[in-house]
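Heads up: the sequence lines are chains A and B, in that order.
Residue numbers for the first sequence, in our numbering: 1 to 458.
Residue numbers for the second sequence, in our numbering: 1001 to 1126.
C-beta atoms are modelled at their ideal positions from N, C-alpha and C, and glycine is treated no differently.
Keep in mind the model is a prediction, meaning the values are calculated, not measured.
Written out below as structure tokens is the structure these notes cover.
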Amino acid sequence: MALTRPRLTEHHGIFMPQASLQFAIPFLCEDLPLYVDPFLLWKSPSQQDKALHLEMVNSFNHLGYMAKKGNAEEAVSQLIMGSECEEVGLGVSARRQGKRISRYQAEEIVNLFQRIPQYDQRGFHHFEEIQFYIDGISRDRISDFACNFIKSFLIDFTMDECERLGIPLEDCTVKQFYDPAKQVFLEDVPHRLPVNPESGRPLLLVPKRWLRFVPWISFDDYFKGYCPRDEIFNPGEPQTHIRVLNYNRDNYGIVEAYVRERERTADDCKSDPLFSQLPVISAKRKLSEILKLATGKSDGADKRYEDAVVQLMASLMYPHLDFAEDQNRTVSGTHIRDLIFYNNRSHPFLKELFDDYESKQLVLEIKNVHAVEREHINQLNRYMAAELGRFGVLVTRNALPKARMQDTIDLWAGQRRCIIALTDPDVTQMVELFESKQRLPIDVLKKKYVEFRRACPS
Amino acid sequence: MITREEADQLEKLMGQLGGIHGELAALSKKRPSDAVNAFKLKFVNAVLLQCNEILGADYSPIGDFQEFNSDDVPSNSDVTFVAAQYLQALEKFRSDNVILFQGRWLYDLPKNTPEMRASAPAKLKK
């Protein structure tokens, strides 16, 4: 059985929590739903980030210069080449593959330099502004352009991080590489980078500090709060964004005012975390919801219990265990594991689980039942194989009945497999610890493990 | 009969344990199942170990309990409960080692040792 939602680090046996790394750990099978926001580089106090932003904007403006000098065809081709950056794996693709923009879109973008006099004279200050004029250009495309223009830096950053962590580098070919000296995209450039073991394609790491879910300068934000709708639309007319795009082309002043406003409020622009813990008040609410739920399946109580436990556990275990996936199906589709974490071994107890039970990932089975039955134990036992190791957690409402407890002890005695039950009082204590910060919530899991081991034959 | 050093140690421990009990009882009323952090637990265990030494097996309040295990994530109410048991045991030990002499309560010390005032046994105070 392979790892669930494998990440680059775990694949190479490097177990570091996301919180302790400078870059977003890429998934091997899918994209990370975050984007590089060029505005974060612009507002960064770091001279390096500012220089990279300048480099990115200059490179983009160079396309306008090329068009102005009668080389529009080349500018369009360059823009198309720079419109997709698969190596960084950001976006919403489920297969780490994306498409380049169409020729028509690229021509429209290049035409902006002639269509809008301010761009013709001084170029773009924030090339995210192309969202305001071109249909189909959104955060993913802005992020891809940004990554492609500073790919040289990203390659160096990736090599440095990989060498530091011990991730192997391989000879590979980067599809498009922007040469800052020649100011052109080169195709199929050989490099030494980490590769995706499944596709053999190179991977690039991106600093976490540049990532946001939505760019600070965003068309959606502009459409919602800044564009003068009463000027654009007649009363009762459907408010389509195409009309806004056309309006913007003839009214650059409105866009400029919006961008100035966003620059003025730049202090509020922060990178988005890859995982946000629930606030304490929400955690307590979730706990209260759990405690009020009846056992069984009536009124969808089982589903509500699962949802609440998944959200709660993901926050309680952070940053020691990174959330991997909930409702994960096995390859055959016959089993659905309720909740899986990456075991980063960042806590002595988690290291012990890895060493003793070979748990590269941790599986939690959630059962909203009054009393756990033999089948529930057997079900979790079936999941505990290969990468999930021989350790599993059963999150349930009440303590295991004596016979079921004996089943788990027998499993340990016979096969050295360990099943721990976390009950309502345990979850309550975890939430208390989450709030008071006197101990780590994960210590409760350790406590249950220690209690279990004491009950096992020595 | 106890030695002067034991009497000094007993008074010191009763004071420390009384302090621990008071602090944690207050916390326990507010958040009984919240855990005691590692720093406090280390201090509580140090006091309990000294109590065990002075009480010996005869006065030990809770079977073979010696100290808290940090892995058990003891809660405020757990520590309050145990501290109360130890306070009772220390008082029993103290009561058995004080005498009423000419209207004053004194520790029952070996001969030729300067006398040491003690308070009356708690059960007589009530």
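How long is the line joining the alpha carbons of residue i and residue j, rounded to whole angstroms?
i, j, result
"H347/A", "G1063/B", "33 Å"
"Q361/A", "D407/A", "23 Å"
"C85/A", "P194/A", "15 Å"
"P168/A", "F391/A", "29 Å"
"L312/A", "A181/A", "51 Å"
"A1046/B", "F1093/B", "19 Å"
"L274/A", "D267/A", "20 Å"
"L28/A", "R201/A", "10 Å"
"L90/A", "Q22/A", "16 Å"
"P1032/B", "S1077/B", "5 Å"
"L54/A", "D1072/B", "56 Å"
"L433/A", "A283/A", "11 Å"
"E375/A", "P425/A", "23 Å"
"M1/A", "A75/A", "Per-residue confidence for M1/A stands at a pLDDT of 46, beneath the threshold of 50, marking its modelled position as unreliable; no derived number is given."
"Y521/A", "N248/A", "Any property of residue 521/A remains undetermined from this structure, which presents chain A solely from 1 to 458."
"D410/A", "L422/A", "19 Å"
"Y474/A", "L350/A", "For chain A, the structure presents residues 1 to 458; residue 474/A sits outside this window and is missing."
"F452/A", "Q415/A", "15 Å"
"R417/A", "D356/A", "10 Å"
"E198/A", "E30/A", "11 Å"
"D171/A", "E256/A", "45 Å"
"R122/A", "F60/A", "12 Å"
"I340/A", "K402/A", "27 Å"
"Y1059/B", "L1090/B", "8 Å"
"C162/A", "T4/A", "22 Å"
"S315/A", "I142/A", "31 Å"
If I follow the unbroken beta strand (DSSP E) through residue i, where does it start and stop?
i, result
"A87/A", "This sequence places Glu at residue 87/A; Ala is not what is there. Note, E87/A: premise wrong, no beta strand (DSSP E); not H, not E."
"E365/A", "361-367"
"V393/A", "391-396"
"G61/A", "The sequence shown places Asn at residue 61/A, not Gly. Note, N61/A: premise wrong, no beta strand (DSSP E); alpha helix (DSSP H) at 47-68."
Would you verify that the beta carbon of residue i is, or is not, closer than 8 Å to some beta carbon of chain C?
i, result
"N1037/B", "The chain inventory of the structure shown lacks chain C, comprising the protein chains A and B."
Along the chain, where does the alpha helix (DSSP H) that runs through residue i open and close?
i, result
"A75/A", "72-81"
"Y449/A", "442-455"
"I420/A", "Not the alpha helix (DSSP H): I420/A falls in the beta strand (DSSP E), residues 418-422."
"I409/A", "402-415"
"R141/A", "139-149"
"E1039/B", "Correcting the residue type first, residue 1039/B is Phe in the shown sequence and not Glu. Where F1039/B is concerned, the enclosing alpha helix (DSSP H) stretches over 1038-1059."
"Y133/A", "Y133/A -> no alpha helix (DSSP H), and no H or E assigned at all."
"K270/A", "Per DSSP, K270/A belongs to no alpha helix (DSSP H) and is neither H nor E."
"T962/B", "The structure shown does not extend to residue 962/B, since chain B is modelled only from 1001 to 1126, so the question has no answer here."
"Q97/A", "Segment: none, Q97/A is in no alpha helix (DSSP H) and carries neither H nor E."
"A283/A", "280-292"
"P38/A", "38-43"
"L380/A", "374-383"
"E10/A", "8-11"
"R229/A", "229-232"
List the residues of chain B that residue i touches, going by C-beta distances under 7 Å, in chain order.
i, result
"K351/A", "None at all; the shortest Cβ gap to chain B is about 15 Å."
"V214/A", "The premise fails here: V214/A is roughly 38 Å from chain B at the closest Cβ pair, so nothing lies under 7 Å."
List, in order along the chain, the chain B residues whose C-beta lies closer than 8 Å to that of residue i?
i, result
"K447/A", "D1071, D1072, V1073"
"V195/A", "Chain B residues near V195/A: none, gap ~42 Å exceeds 8 Å."
"V174/A", "Here the premise fails: no neighbours, minimum Cβ distance about 49 Å."
"V450/A", "N1069, D1071, D1072"
| field | Start-end ranges of the alpha helix (DSSP H) lying completely within the segment 173-227 of chain A, minimum 4 residues | value | DSSP runs (the alpha helix (DSSP H)) wholly in the segment 173-227 of chain A: 219-225.
| Name the residues in the segment 400-428 of chain A whose C-beta lies less than 9 Å from a C-beta of chain B; which are they? | So the list reads P425, T428, given in the order they occur along the chain.
| What residues in the segment 427-443 of chain A have a beta carbon less than 7 Å from any beta carbon of chain B? | Residues passing the 7 Å Cβ filter: T428, Q429, E432, L433, S436, Q438, R439, D443.
| message | Going residue by residue through the segment 1074-1119 of chain B, where are the continuous alpha helix (DSSP H) segments of at least 4 residues, counting only ones entirely within it? | response | DSSP runs (the alpha helix (DSSP H)) wholly in the segment 1074-1119 of chain B: 1076-1095.
| Just by C-beta distance, which residues in the segment 272-290 of chain A are closer than 8 Å to chain B? | From the segment 272-290 of chain A, no residue has a Cβ closer than 8 Å to chain B.
| message | For the segment 1003-1033 of chain B, list every residue whose C-beta sits within 8 Å of some C-beta in chain A, in sequence order. | response | Within the segment 1003-1033 of chain B, the residues whose Cβ lies closer than 8 Å to some Cβ of chain A are R1031, S1033, listed in chain order.
| query | Taking Cβ-Cβ distances below 8 Å as the criterion, which residues of the segment 1043-1074 of chain B are in contact with chain A? | reply | Along the segment 1043-1074 of chain B, the positions whose C-beta sits under 8 Å from a C-beta of chain A are N1069, D1071, D1072, V1073, read in chain order.
| query | Which whole runs of the beta strand (DSSP E) in the segment 310-356 of chain A are 3 residues long or more, in chain order? | reply | You should have 321-329, 336-343.
| field | Near-chain B residues of the segment 365-396 of chain A - C-beta to any C-beta below 9 Å | value | Result list empty, no residue passes.
| field | chain B contacts made by the segment 232-264 of chain A, where a contact means CB separation under 9 Å | value | From the segment 232-264 of chain A, no residue has a Cβ closer than 9 Å to chain B.
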